[in-house]
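Enquirer:
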Amino acid sequence: MHFHLRHALRAIILLLFVLLILHLHLNGDLFKLINPKYERLSALGGIIFIILFVLQIQQIWTTNKADDHHCHEHCHQHDHDSSVWKRTIAYLIIMLPLFTGFVLPFATLDASIASNRGVMLSLTNHARASSLNRDVEVELPPDPMQNQEREHFYDTPADPNLYSNTISKEEHQVIIENLKTVDSITMNDQVYATYFDEINHDIEMFIDREITLKGFVYKDEELEENQVVIGRFLITHCIADASFIGFLSEVENASLLAEDMWVEVTGTLQLIEYKGIQLPTIKGAEWNKIVQPEQPYVYPHTIQIR
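The opening residue of the sequence shown carries number 1483 in our numbering; numbering runs sequentially from there.
(1) Quick check for students: name the residue ranges of the beta strand (DSSP E) that lie wholly in the region 1712-1736, counting only runs of 3 or more.
(2) State the CB to CB distance for the pair GLU1680 and ILE1658, rounded to an integer number of angstroms; the pair is presumed to be in contact (CB under 8 Å).
(3) Could you compute how far the alpha carbon of TYR1779 sits from the alpha carbon of LEU1738?
(4) What is the DSSP secondary structure of ALA1493, reduced to helix, strand or coil?
(5) In whole angstroms, give me the CA-to-CA distance for VAL1536 and LEU1515.
(6) What is the DSSP secondary structure of PRO1762, counted as helix, strand or coil?
(7) Leaving aside the five residues before and after THR1668 along the sequence, list all residues of the same chain whose C-beta is less than 7 Å from its C-beta, in chain order.
(8) Could you tell me the distance, in whole angstroms, from the CA atom of GLY1713 to the CA atom of TRP1567?
(9) Who are the Cβ neighbours of ARG1492 in its own chain at under 6 Å, not counting the five residues just before and after it?
(10) Excluding the 5 residues preceding and the 5 following GLU1741 in the sequence, name in chain order all residues of the same chain whose CB lies nearer than 6 Å to its CB.
(11) Could you check if HIS1783 is buried or exposed, using at least 16 other CB atoms within 10 Å of its CB as the buried criterion?
(12) Would you check if the distance between the CB atom of ASN1517 and the CB atom of ILE1717 is smaller than 7 Å?
(13) If you run the structure through DSSP and keep just helix, strand and coil, what is PHE1588?
(14) How long is the line joining the alpha carbons of PRO1642 and SER1565, rounded to whole angstroms?
(15) Checking the sheet assignment: what are the DSSP bridge partners for ILE1649?
(16) If we count the other Cβ atoms within 10 Å of its Cβ and call it buried at 16 or more, is GLN1655 buried or exposed?
(17) Tell me the DSSP secondary structure of GLN1774 in three-state form.
(18) If you draw a straight line from the C-alpha of ALA1589 to the C-alpha of GLU1704, how long is it?
(19) Who are the Cβ neighbours of VAL1711 in its own chain at under 6 Å, not counting the five residues just before and after it?
(20) Measure the CB-CB distance between HIS1484 and GLN1541 and report whether it falls below 7 Å.
(21) Taking the C-alpha atoms as reference points, what is the distance between PHE1499 and LEU1574?
(22) Which first and last residues belong to the beta strand (DSSP E) in which PHE1698 is found?
(23) Starting from VAL1536, trace the alpha helix (DSSP H) in both directions and tell me its first and last residue.
(24) Please state whether the Cβ-Cβ distance between GLY1749 and LYS1765 is less than 7 Å.
(25) Could you check how far apart the C-beta atoms of ALA1722 and PHE1715 are, in whole angstroms? I think they sit under 8 Å.
(26) Name the one or two DSSP bridge partners that HIS1484 has.
(27) Please name the residue, chosen from LEU1586, LEU1605 and LEU1501, that lies closest to LEU1753 on a Cα-to-Cα basis.
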């Protein structure tokens, strides 16, 4: 019998990937990296790693006959040193996500990342797109395909282990109808981005309504002294494509708000003009400092077609 170090190393790496995926699923950190709709796909990846691990174990120990065959194939390599370096580099690259996953702590996206991705540009783009959509709806007859396209709303879990990223069309309609009828809008985690999308789509319907939401503080040099942006990051597929959604807010004692501070604000929805674009704004906002939620992100909602 002969022991093959290379196959043993491969088996260890595969096992570590299995443990990493299991660790992410058990502690809820998985949803800090990907959209919950990919949870099953991630679990499938873990199963594939387990199968590969079992197959790799069988290659660690071989008989003498297999050893002779192995030597016959590899003893005539003329670039052995070069291949060793290539394999070493390949192993280091493969092990990099293992190192970051097990050793480095998860860093939550914050105001500095939001600044790099253009917060005010994102908000004005949302408002501009909503304005164009309203014009199209006035000038053109209803398009059923357009309704299907708008069925990509958002949600986030109160408990990552209980999260469901899919709702029925009926459940979605109940959420929208509730938003249209309530006098006071509460943007809790379950409806945060759904409400954000609807409010931007038809802001006139919601003017003068009271609104309460939670988010982190972003400050911009171009804003007035009493203006800040309160919002969250939206993950469409994975953390790499995260984008910022939130509301411009006029708050009392804004100087006391530090950037990245998590707050709950309550105020009245109004429209203001920012660089020629009508933006929904929370005016007269009162705020309270809160602890950052265990799950700080929101995600696109998948509407189940039956």
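Glycine included, C-beta positions come from ideal geometry on N, C-alpha and C.
Expert: On the basis of the supplied data:
(1) 1725-1733
(2) 6 Å
(3) 24 Å
(4) helix
(5) 27 Å
(6) strand
(7) THR1694
(8) 47 Å
(9) GLN1538
(10) ALA1593, VAL1699 and LYS1701
(11) buried
(12) yes
(13) coil
(14) Because PRO1642 carries a pLDDT of 41, less than 50, the predicted location of this residue cannot be relied on, and the following value inherits that uncertainty. Those two C-alpha atoms are separated by around 44 Å.
(15) ILE1785
(16) exposed
(17) coil
(18) 27 Å
(19) VAL1601, TYR1700, GLY1728 and LEU1730
(20) no
(21) 14 Å
(22) 1692-1700
(23) 1521-1539
(24) yes
(25) Not really, about 12 Å apart at Cβ, beyond 8 Å.
(26) THR1544
(27) LEU1605
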